[in-house]
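Visitor:
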Amino acid sequence: MMFLRCLLSLFCVSSAFAQSWGNAEERYKAFENYLVRRAMAVTGSFPGGIKTLEQWKQARPGVRRRFLYAMGLDPMPKRTPLNARVTGQFERDTYRVEKIVFESMPGLYVTGNFYLPKDQSGKLPAVLYLCGHSPGPWGAKVRYQHHGIWLARHGYAAFLIDTIEFGEIPGIHHGTHDLEMWDWLSLGYTPAGPEVWNAIRALDYLETRSEVDASKMAVTGISGGGAMTWYTAAADDRVQVAAPVCATWTAGHHTALDAVHENCDCIYFVNAFLDDLPVVGALIAPRPLKIISAKRDPSFPRAGYHDVFERLHFIYQLYGAGEKVTEYDHDAPHSDILPFRKEANEWLNRWLKNDNTPFDEGQIEQEKPEVLTALSRRPANAINGHIHKSFIAAPAINAPASLSAWKIRRAKVLSELKDKSLRAFPTGMVPFNTAKAASKDWAANYTGASRIEFTTEEGIRITGQLYVPHGSKPEYPGLIYVKGRQDIVYPIDYDLLLPAWGNHVVLVVQPRATDYPMNNYKTATVKRTAALIGATIESMQLWDILRSIDFLLKESGAKITAVSLYARKDMTVPALYAAALDERVSRLIVEDPPYSHWQGPAILNALRFTDLPEVAAMVAPREIVALTPLPSAYELTRIVYALYGKKGGVRQAPGLAGALQVWKHQ
Numbered sequence: 001m002m003f004l005r006c007l008l009s010l011f012c013v014s015s016a017f018a019q020s021w022g023n024a025e026e027r028y029k030a031f032e033n034y035l036v037r038r039a040m041a042v043t044g045s046f047p048g049g050i051k052t053l054e055q056w057k058q059a060r061p062g063v064r065r066r067f068l069y070a071m072g073l074d075p076m077p078k079r080t081p082l083n084a085r086v087t088g089q090f091e092r093d094t095y096r097v098e099k100i101v102f103e104s105m106p107g108l109y110v111t112g113n114f115y116l117p118k119d120q121s122g123k124l125p126a127v128l129y130l131c132g133h134s135p136g137p138w139g140a141k142v143r144y145q146h147h148g149i150w151l152a153r154h155g156y157a158a159f160l161i162d163t164i165e166f167g168e169i170p171g172i173h174h175g176t177h178d179l180e181m182w183d184w185l186s187l188g189y190t191p192a193g194p195e196v197w198n199a200i201r202a203l204d205y206l207e208t209r210s211e212v213d214a215s216k217m218a219v220t221g222i223s224g225g226g227a228m229t230w231y232t233a234a235a236d237d238r239v240q241v242a243a244p245v246c247a248t249w250t251a252g253h254h255t256a257l258d259a260v261h262e263n264c265d266c267i268y269f270v271n272a273f274l275d276d277l278p279v280v281g282a283l284i285a286p287r288p289l290k291i292i293s294a295k296r297d298p299s300f301p302r303a304g305y306h307d308v309f310e311r312l313h314f315i316y317q318l319y320g321a322g323e324k325v326t327e328y329d330h331d332a333p334h335s336d337i338l339p340f341r342k343e344a345n346e347w348l349n350r351w352l353k354n355d356n357t358p359f360d361e362g363q364i365e366q367e368k369p370e371v372l373t374a375l376s377r378r379p380a381n382a383i384n385g386h387i388h389k390s391f392i393a394a395p396a397i398n399a400p401a402s403l404s405a406w407k408i409r410r411a412k413v414l415s416e417l418k419d420k421s422l423r424a425f426p427t428g429m430v431p432f433n434t435a436k437a438a439s440k441d442w443a444a445n446y447t448g449a450s451r452i453e454f455t456t457e458e459g460i461r462i463t464g465q466l467y468v469p470h471g472s473k474p475e476y477p478g479l480i481y482v483k484g485r486q487d488i489v490y491p492i493d494y495d496l497l498l499p500a501w502g503n504h505v506v507l508v509v510q511p512r513a514t515d516y517p518m519n520n521y522k523t524a525t526v527k528r529t530a531a532l533i534g535a536t537i538e539s540m541q542l543w544d545i546l547r548s549i550d551f552l553l554k555e556s557g558a559k560i561t562a563v564s565l566y567a568r569k570d571m572t573v574p575a576l577y578a579a580a581l582d583e584r585v586s587r588l589i590v591e592d593p594p595y596s597h598w599q600g601p602a603i604l605n606a607l608r609f610t611d612l613p614e615v616a617a618m619v620a621p622r623e624i625v626a627l628t629p630l631p632s633a634y635e636l637t638r639i640v641y642a643l644y645g646k647k648g649g650v651r652q653a654p655g656l657a658g659a660l661q662v663w664k665h666q
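Mapping of the sequence shown onto the working numbering: position 526 corresponds to residue 526, and the numbering continues sequentially without gaps.
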């Protein structure tokens, strides 16, 4: 934790920058520092005010519910029949192996190998080994077979199961890492969710085996399997012992030490509740837990795993079980090495068998991959390759039957957004610290023109332009044009605004990340990092828009009679939310809006309870003007407006002049 405090001091906001002009590169660096500070605050928040065991026990049920929701496991999927079958088996000198296939849910196939001692007397303790990322058409279990062999030789029933990504039936893990599947964030989906579900169902399967003592089950694994060890032990109290290897992280250290890009999506949960891995680990307490790590592991830096241990040790001490959590690290890279196997297996022996015999791996002869393959062909009904589309069901959003029903629904959606999507919003307002300078280009022929820059939250400066009419009227309507990255091409791009100059106070803003020098690779890393601190780029831009409304009303120097908000393409998503949340917006103007969060612009968990057409309906009865035809999904929006008696409240205009009805203000 001392390292965390030292890091924090390195990323303090420069007060000079906060009150002076910056360029895009400086704003980007400040944004990176902001992400680090926010991530370290997430890590530093636990154990917080918990000082006694009673306080933790009172908090634990809520913590567990948050964790399961973040994994996509609240509510839990139905426990459907496993349809388990043995597809083959073979024997070796002291052990035998069964090739197993089961369905954790209909069509989600899990392939694995079940290792048993050849000569068994009585029921056996069981170990579920969760594999790391090891590609091959025969499944990841082949790479880790030596674990099963050793465990079976030493009196265990060991079940090694493939991952969804690298199973005999392949699926997708790197959706946001590689494939720009940003709908995963809006859905609250992490591939860790179905992986943990597969592990839970594997424990169900072990309970059906007559050879297994179901009161003595443990979980271990490395890398992605180590992460699933953390999560499975936290989710399922049947796990009596856990030993995650090369898989321990914190949001703060992963962000500060640039480790997020190193890691698969399965390592993380969708962190809308601003929790961190120590919180997950606390759910395992007081069951025995050994944290095994590599000192030269860029994916899981040592400062992070040490911090997790310190925070967890405090919780274990509350239980009077300080000896049941420990850590071990070795001077090695990210790898499955003998010292790690020794530490994990001795830990299992100690707590499952009360056996302190020193570890001896002996000679292990590995099988060829095809010997361990469980399937001869891929089942036609397999959903492994697209489980990300169905694991979390997006509810059908029906049009309300009455205005009273809509008002109840609207309040519920607002509550859900506050609880499950926007917790990372700042709790207070910071001064704008406005920087303003007159523009000296041809815009001044039409209107008073200034370049501006102001603070929206600590460490975040956004830039734009302010245009105030030359006239002497005491008041004007206001227009905020929210620029997206696709709108920033040439510095003098005023054509869109010409109809509004002279009759509106116009504020043009570029929310954070719109003008930063980020390529696709860096943008993906930033988006994934934002999810660790309970946000998305779009939700942070939403905050910038809300503060821009404050800026227009308080800092423009003019009396504003009404506020119109205008955005194009993807930037319409945060603009929609801003108009829904802030009733000071009297008119929303959109151009080419997406039909759904499934198209990409993300708000954490939103698809679990709403979608863009319903968010647009939350603007009612205030006006929405579309400069292009609205997608058919927005028929729901029109229905809600009709309930207010505002059938014309959603209209189409050919351009900005018609949207603003500028002739009324000249």
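Note that the Cβ used here is the ideal one computed from N, Cα and C, for glycine as well.
1) Could you give the C-beta distance for H334 and C246, rounded to a whole number, given that I count them as a contact under 8 Å?
2) Distance, Cα to Cα, A524 vs R27?
3) With DSSP collapsed to three states, give me the class of N33.
4) Would you tell me roughly how many angstroms separate the C-alpha atoms of L565 and D162, rounded to the nearest one?
5) How is T561 classed by DSSP in three states: helix, strand or coil?
6) So the candidates are R587, S210, M228; which of them puts its Cα closest to the Cα of D191?
7) Can you say whether D297 is buried or exposed, counting buried as having 16 or more other CB atoms within 10 angstroms of its CB?
8) Grab me the residues of K440's own chain with a C-beta within less than 8 Å of its C-beta, minus the 5 sequence neighbours each way, in chain order.
9) Would T111 and V101 be called neighbours here (beta carbons separated by less than 8 Å)?
10) Of the choices H665, P194, F309, whose alpha-carbon is the least far from that of S390?
11) Have a look at the DSSP bridge pairing and note the partners of K99.
12) Per DSSP, what are the beta-bridge partners of F166 in this structure?
13) Among P613, Q652, G655, P654, which one has its Cα closest to the Cα of I639?
14) For a quick check, are the C-beta atoms of P574 and L542 less than 8 Å apart?
15) Distance check for A256 and R37, CA to CA, integer angstroms please.
16) For R143, report the span of its alpha helix (DSSP H) as first-last.
17) Could you say which of Y156, R311, D487 lies nearest to T250 if we only look at CA atoms?
18) Would you please state the rounded distance, in angstroms, between the beta carbons of V219 and A233? I believe it to be under 8 Å.
19) With a threshold of 8 Å on Cβ separation, who are the neighbours of D93 within its own chain once the five nearest residues in sequence on each side are excluded?
20) Could you check what DSSP says for P697 in three-state terms: helix, strand or coil?
21) So, helix, strand or coil for G464, using DSSP?
22) Tell me, which residues are paired with I480 by DSSP?
23) On a Cα-Cα basis, can you pick out the residue from L35, S104, Y144 that is closest to Q366?
24) Is DSSP giving P106 helix, strand or coil here?
25) Short of 8 Å in beta carbon distance, which residues of its chain neighbour I364, apart from the five on each side in sequence? Order them along the chain.
26) Grab me the residues of I397's own chain with a C-beta within less than 8 Å of its C-beta, minus the 5 sequence neighbours each way, in chain order.
27) Please report the straight-line C-alpha distance between S9 and V468, rounded to a whole angstrom.
28) Per DSSP, what kind of secondary structure is A531 in: helix, strand or coil?
29) What span of residues does the beta strand (DSSP E) with E327 cover, start to end?
30) Count the other CB atoms, across all protein chains shown, that sit within 10 Å of the CB of I589; report buried if there are 16 or more and exposed otherwise.
31) Can you name the residues that DSSP bridges to T220?
32) Whether or not the region 451-461 and the region 547-562 are in contact is what I'm after, with contact meaning three or more pairs of Cβ atoms, one per stretch, closer than 8 Å; do they touch?
33) In angstroms with no decimal places, state the Cα-to-Cα distance between Y305 and M105.
34) Among the residues of its own chain, which have a CB less than 7 Å from the CB of A657, if the five just before and after it don't count?
35) By DSSP, does Q541 sit in helix, in strand, or in coil?
36) At what residues does the alpha helix (DSSP H) containing S121 begin and finish?
Guide: Reading it off the structure:
1) 5 Å
2) 18 Å
3) helix
4) 50 Å
5) strand
6) Before going on, a small fix: residue 191 reads as Pro here, not Asp. Checked all of R587, S210, M228; the closest Cα to P191 is M228.
7) buried
8) none
9) yes
10) P194
11) G88, N113
12) Answer by DSSP bridge pairing: none, since F166 is not bridged.
13) P613
14) yes
15) 8 Å
16) No alpha helix (DSSP H) contains R143, which DSSP labels as neither H nor E.
17) R311
18) 6 Å
19) K118
20) Past the boundaries of the shown model lies residue 697; the chain is included only from 1 to 666, so the question cannot be answered.
21) strand
22) L507, L565
23) Y144
24) coil
25) H146, I149, W150
26) T610, D611, P613, E614, L636
27) Summary for S9: the model assigns pLDDT 45, below 50, so the residue's position carries little reliability; its value from the coordinates is reported in the next sentence. For S9 and V468, the distance between alpha carbons rounds to 41 Å.
28) helix
29) 325-330
30) buried
31) Y129, A243
32) yes
33) 34 Å
34) P499
35) helix
36) Unbroken run through S121: none, as it is neither H nor E.
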